[in-house]
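This note's numbering runs 49 ahead of the 1-based position in the sequence shown. Quick reminder that beta carbons are idealized off the backbone N, C-alpha and C, glycines included.
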Amino acid sequence: MILRVLCVSALWYWLCLGADSIHAGHGAPTASGVHSLDVFTDGRALHLLVAEYSSGTNPPALLYQRSADAGRTWSKPVRVDTGAKPPRSPSRGMDAQIAAVGKNLIALWGTHGEGYMGSGPMVTALSDDGGKTWRPGPNPADDGLNTGHAYADLASDSQGALHLVWLDSRDGKQGLRYARSTDGGRTWSKNLTLKKETCECCWNTLAVSGNTVHVLFRDKSPRDMAMVSSFDGGLTWGKPAVAGGFGWEFQGCPHVGGGLALPLSGEGSLHALVWTGLAEKSGVYHLRSTNRGTTWQPPQRIGPVDARRSDIAVRDRALVAALEIVADGESAVFAAKSVDGGVTWSAPQRLSASGVSASYPRVIAVRGGFRVFWTEAAPQGVGKWNSARF
């Protein structure tokens, strides 16, 4: 037991205290290959955006692919960032983003600027032919600053609106911002501040259905996850509320966000996966709300104490939780399933192969089931993305 506690403490140190700035751990990858991944579904197709690094070369190429058969086969990669400002070191946890509204697609990333370690404004690229060709789009931020804007999440709703959240420090402290677009990303609304001060460098997660927009983020103090919601398509917002009240007070950034899942119908329970570093409760927990996030059922642990990064997806009463777990001394991707709306869960099943370091899972509900995505690399090997049906 003592050894177990020491190992967990070492993991916290590596995740949190080993970073000497709010952006440490999100620098340029040192190995070649794929080190950023985002995947989006519009219910008809899967849209994938990766950042691929060449050995000794920075910036990477942003590449788009599409699948019309639930991820079994993919189109040839298309370069997205040609003619636009180059991406600045997209990496897992600070991934370049992709979303679709019919044949209109938008990609988003951060470029170089005057922020910490050269972080800068957001950049977009637009396609109106299903991803065959791309052109530069506008910066959604309206603060006019050349400092860091990062940790974005991008989604679209059934009415064709785009929703975007990110972190920036326009008010002097890192806060959660929001903008929406109703014309495919050609123009953006006035930015709204959803929370003036948040954790500095954990990713944010959107869940959208109809006029309902939820945002899951890590709060400042305590460092628990919190959620803020809109029920009129992002025009007005309620007050942020805690999602998993562990009371974890910590002076640092764990580089771990959460997962959020809402049925496409908008009816039924809202589900979240949250991670806490609280010593006696460290791990990933499933949360369920039957009143749109006003209150949550008691947290339910999924996986072992060293499970951390995670994602969740829902279809009817079936859910899949994708987890990053340390197994046999290496980071691996596992998945667990519930068929009763999250009341009970299967034991996590390993999806990634042994001998590789696999991390940052994403899970998407597809026709007939679920597909889990992740990035991986063998020791001294090239990074790549992988996926498995579950």
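**Message:** Using 7 Å as the threshold, is the C-beta distance between Gly186 and Arg115 below it?
**Reply:** no
**Message:** Please return the same chain residues whose Cβ sits closer than 6 Å to the Cβ of Arg229, not counting the five positions on each side in sequence.
**Reply:** Ala210, His212, Ser238 and Gly283
**Message:** Relative to the C-alpha of Ala402, which candidate in Gly193, Ile374 and Ser140 has its C-alpha closest?
**Reply:** For Ala402, the nearest C-alpha among the options comes from Ile374.
**Asked** Taking the alpha-carbon positions, what's the Ser104 to Leu309 distance?
**Response** 35 Å
**Item:** Expected contact under 8 Å - CB spacing of Arg128 and Leu112 to nearest Å
**Value:** Indeed they touch by this definition, with Cβ atoms about 6 Å apart.
**Request:** May I ask which residues mark the beginning and end of the beta strand (DSSP E) holding Val99?
**Result:** Leu95 to Tyr102
**Request:** Check whether the Cβ atoms of Asp91 and Leu98 lie closer than 7 Å to each other.
**Result:** no
**Asked** Skipping 5 residues on each side, what residues in its chain have a beta carbon closer than 8 Å to that of Lys288?
**Response** Val277
**Message:** If you reduce the DSSP assignment to three classes, tell me which class Ser314 lands in.
**Reply:** When DSSP states are grouped into helix, strand and coil, Ser314 belongs to the coil group.
**Message:** In this structure, how does DSSP classify Lys330 when only helix, strand and coil are distinguished?
**Reply:** helix
**Message:** Report the CB separation of His431 from Ser81 in whole angstroms; it is logged as a contact under 8 Å.
**Reply:** Correcting the residue type first, residue 431 is Val in the shown sequence and not His. The pair is a contact, with the Cβ atoms about 5 Å apart (cut-off 8 Å).
**Asked** Secondary structure at Gly167, three-state DSSP: helix, strand or coil?
**Response** helix
**Message:** Quick check on Gln398: does DSSP put it in helix, strand or coil?
**Reply:** strand
**Asked** Do Ser258 and Leu313 come within 7 Å of each other at the CB atom, strictly closer than that value?
**Response** Going by C-beta atoms, Leu313 is nearer than 7 Å to Ser258.
**Message:** Within a Cβ cutoff of 7 Å, which residues of the same chain sit near Asp144, ignoring the five residues on either side of it in sequence?
**Reply:** Same-chain partners within the cutoff: Ser85, Leu86 and Asp87.
**Asked** Does DSSP classify Leu241 as helix, strand or coil?
**Response** strand
**Prompt:** To the nearest angstrom, how far is it from the Cα of Gly120 to the Cα of Leu95?
**Reply:** Between Gly120 and Leu95, the alpha-carbon positions lie close to 7 Å from each other.
**Item:** Leu154 - containing beta strand (DSSP E), residue span
**Value:** Asn153 to His161
**Asked** Would a C-beta distance cut-off of 7 Å place Leu157 and Met171 closer than the cut-off?
**Response** yes
**Prompt:** Do you know how far the Cα of Trp434 is from the Cα of Ala370?
**Reply:** 19 Å
**Selection from Gly293, Ala376 and Leu311 that minimises the alpha carbon distance to Leu336** = Gly293
**Request:** Tell me whether Gly418 is buried or exposed, calling it buried when 16 or more other Cβ atoms sit within 10 Å of its Cβ.
**Result:** exposed
**Item:** Boundaries (first-last residue) of the beta strand (DSSP E) holding Asp281
**Value:** Taken as a continuous stretch (DSSP letters only), Asp281 belongs to no beta strand (DSSP E), as it is neither H nor E.
**Request:** Measure how close the beta-carbons of Arg420 and Ser436 come, nearest whole angstrom, since I'm counting them as under 8 Å.
**Result:** 6 Å
**Request:** Please state if the CB of Ser176 and the CB of Pro78 are separated by a distance shorter than 7 Å.
**Result:** no
**Item:** Burial state of Asp273, where buried means 16 or more other Cβ atoms lie within 10 Å
**Value:** buried
**Message:** Can you give me the C-alpha to C-alpha distance between Ala149 and Pro397, rounded to a whole angstrom?
**Reply:** A direct Cα-Cα distance of roughly 31 Å separates Ala149 from Pro397.
**For Ala174, the nearest candidate out of Ser138, Lys134, Asp191 and Ala199 (CA to CA)** = Lys134
**Message:** Is the separation between the beta-carbon of Thr34 and that of Asp202 shorter than 7 Å?
**Reply:** Outside the displayed range of the chain (50 to 439) lies residue 34, so it cannot be described from this structure.
**Asked** Apart from the five residues just before and just after Lys330, which ones in its own chain have a Cβ nearer than 7 Å to its Cβ?
**Response** Phe295
**Message:** Considering only the alpha carbon of each residue, which of Ala275, Ala321, Ser318 and Asp268 lies closest to Phe299?
**Reply:** Closest option to Phe299, Cα to Cα, is Asp268.
**Request:** Return the bridge partner residues of Gln114 from the DSSP annotation.
**Result:** Leu97
**Item:** Own chain partners of Trp286 with C-beta closer than 8 Å, once the 5 adjacent residues on each side are dropped
**Value:** Answer for Trp286: Tyr227, Leu241, Leu243, Val277, Ser278 and Ser279, listed in chain order.
**Request:** Give every residue of the same chain whose Cβ lies closer than 8 Å to the Cβ of Arg93, excluding the five residues on either side of it in the sequence, and list them in chain order.
**Result:** Ala117
**Request:** Taking the CB atoms as reference points, tell me whether Thr196 and Leu225 lie closer together than 7 Å.
**Result:** no
**Asked** When the Cα of Arg341 is compared with those of His320, Gln349, Arg357 and Ile351, which residue comes out closest?
**Response** His320
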